[in-house]
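Numbering-wise (the working numbering), the sequence shown opens with residue 4 and increments by one.
No residue lacks a Cβ here, since even glycine has one placed at the ideal position from N, Cα and C.
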Amino acid sequence: MLAPGAYPASTEAEVSGSAQAPSSPPISTRRKTALAAIESYNSKWNLENMIAWRAPDCIHEILPTSLKVPAMDNKSYDAYFATNLTVFSNFRVTVNDVMEDAAANKVVVWAHSTADTAIGPYANEYMLIFHFTPAGDKVTRFLEWVDSAAAVAFFPRLRLYLEKRAADEAAGVVDHGAAS
């Protein structure tokens, strides 16, 4: 450990506790937009809010490519995600860390999520990369890196449940309990 006086003056004051923490820099529009995007999945669980922060030409990619999910424009994402609205509840994204690259006009968020579904609990981990318009108020490209092991374990079971539910509805059966 360095002796007193070995730190620069501002660092020594912070280490000794005699200085107030420096004020945080203002939050950028990019960061506000990225956090609003995440919040749209937490509290405003509807497609209109999940699209509102996207530029009209936004492309959403769910990665890694080994999952074979095609890149989606807003209309495609709307159709893709609409089914999730019927099977997920209590969906919650928790941010672990946020990194911003002003020069590249990007924000990267490391996060995880949990939810309840008809087939049991859901959990995943993400690296979310947001690319922005020059003003930083809309997302032009959204790269959603997911925990592929969790996705491969969960989504095929969910797909089977949805297929059974659709068949049951077609046959007039209304019980949507958990798939066996």
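Helix or strand or just coil, what does DSSP make of residue i?
i    : result
I30  : coil
D81  : helix
D171 : helix
S116 : strand
N108 : coil
V72  : coil
I122 : coil
S43  : helix
T97  : strand
T86  : helix
V176 : coil
A143 : The question names Ala, yet the displayed sequence has Thr at residue 143. Note: T143 maps to strand in three-state DSSP.
Would residue i be called buried (16 or more neighbouring beta carbons within 10 Å of its own) or exposed?
i    : result
N127 : buried
G139 : buried
V110 : buried
L161 : buried
Q23  : A caution first: Q23 carries a pLDDT of 47, below 50, which makes its placement in the model unreliable, though a value can still be read off. When all chains shown are included, Q23 counts as exposed.
V96  : buried
V112 : buried
A37  : buried
Nearest to residue i by CA position, among the options, is which residue?
i    : options                   : result
A106 : P137, P124, N99 and K141  : P137
I122 : I30, R144, T89 and F133   : T89
C266 : L70, T68 and S79          : It is not possible to answer for residue 266, since the shown part of the chain is limited to 4 through 183.
P67  : I132, K141, G175 and V142 : I132
Could you name the residues that DSSP lists as bridge partners for residue i?
i    : result
R162 : Its beta-bridge partners do not exist; DSSP assigns none.
Tell me, please, whether the stretch 35-52 touches the stretch 79-97 by the rule of three or more beta-carbon pairs shorter than 8 Å.
The stretch 35-52 makes contact with the stretch 79-97: 3 or more CB pairs, one atom from each, lie closer than 8 Å.
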